[in-house]
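These notes are about the structure you will find just below.
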Amino acid sequence: AQSVTQLGSHVSVSEGALVLLRCNYSSSVPPYLFWYVQYPNQGLQLLLKYTTGATLVKGINGFEAEFKKSETSFHLTKPSAHMSDAAEYFCAVSESDSWGKLQFGAGTQVVVTP
Amino acid sequence: EAQVTQNPRYLITVTGKKLTVTCSQNMNHEYMSWYRQDPGLGLRQIYYSMNVEVTDKGDVPEGYKVSRKEKRNFPLILESPSPNQTSLYFCASSLSSLGGGELFFGEGSRLTVL
Numbered sequence: 246a247q248s249v250t251q252l253g254s255h256v257s258v259s260e261g262a263l264v265l266l267r268c269n270y271s272s273s274v275p276p277y278l279f280w281y282v283q284y285p286n287q288g289l290q291l292l293l294k295y296t297t298g299a300t301l302v303k304g305i306n307g308f309e310a311e312f313k314k315s316e317t318s319f320h321l322t323k324p325s326a327h328m329s330d331a332a333e334y335f336c337a338v339s340e341s342d343s344w345g346k347l348q349f350g351a352g353t354q355v356v357v358t359p
Numbered sequence: 125e126a127q128v129t130q131n132p133r134y135l136i137t138v139t140g141k142k143l144t145v146t147c148s149q150n151m152n153h154e155y156m157s158w159y160r161q162d163p164g165l166g167l168r169q170i171y172y173s174m175n176v177e178v179t180d181k182g183d184v185p186e187g188y189k190v191s192r193k194e195k196r197n198f199p200l201i202l203e204s205p206s207p208n209q210t211s212l213y214f215c216a217s218s219l220s221s222l223g224g225g226e227l228f229f230g231e232g233s234r235l236t237v238l
């Protein structure tokens, strides 16, 4: 069975600084990996995903993530934080041979300071 | 407008009183799923459905039932709610029948069981 760990439940970044959110997963088969964002009082929306192919994936709002199989990681980055990036971010994994079962991490709350 | 609609959005009930949270999507998606979100635990999958009449357990199915009689609807039933089912519930759907597809989330249903 797959699992996912997000390091750091809260991250504070200055406006304009690098955003780095860490996600490590375990999976016995090739994984599908996702990052979702949740703004206050809303549902989640997809930032980006990795299924196959290029290991560096670009998403919306300037975010990108790199799938590193050797490190079982899928860290999310954005070069320059904006105030509007304040939200909760969730990493998720499913296994390619049983993709219906999707496992989310505990989430990382991002605070952006002026 | 493409959307996933959940009702009710807010509900306070008492222990043992059966309730149903409805979920409907207008995107002709095959895959639908229910999650509960609790602080510090992220989202945990309750049940999912790959297609009409096909449902399967997620990580926390105890105390819940689902049915998928029509493609667009996927109601979540709590036969005898208990206080530990107090949570924020999300329904989601996806078009992809091959895995790795984007999940579209409803706005959530906040349930309190006294």
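Just so you know, the protein sequences line up as chains A and B, in that order. This note's numbering runs 245 ahead of the 1-based position in the first sequence. This note's numbering runs 124 ahead of the 1-based position in the second sequence. Glycine included, every Cβ here is placed at the ideal spot set by N, Cα and C.
Listed along chain B, the residues sitting closer than 7 Å to A/W344 by beta-carbon distance are G223, G224. By the C-beta criterion, the stretch 212-219 of chain B is judged to be in contact with the stretch 154-164 of chain B, since at least 3 inter-stretch pairs fall below 8 Å.
Listed in chain order, the positions of the stretch 280-295 of chain A with a beta carbon within less than 9 Å of a beta carbon of chain B are Y281, Q283, N286, Q287, G288, L289, Q290, L291, K294, Y295. In the three-state DSSP reduction, A/P276 falls in the strand class (E or B).
Less than 8 Å separates the beta-carbon of A/F312 from that of A/T300. Following the DSSP letters along the chain, one finds A/G345 inside the beta strand (DSSP E) bounded by residues 343-349.
Under the three-state reduction of DSSP output, B/M156 falls in the strand class.
DSSP places A/E340 in the uninterrupted beta strand (DSSP E) bounded by 332-340.
Residues of chain A whose Cβ lies closer than 9 Å to the Cβ of B/G164 are, in chain order, S254, A351, G352. About 5 Å separates the beta carbon of A/T353 from that of A/L266, a gap short enough to meet the 8 Å contact definition. Flagged as an interface residue toward chain A: B/Y155, by a C-beta distance shorter than 8 Å. A/P276 and A/A246 have their C-alpha atoms roughly 11 Å apart.
Inter-residue distance for B/L167 and A/T297 is about 24 Å (C-alpha atoms, whole angstroms).
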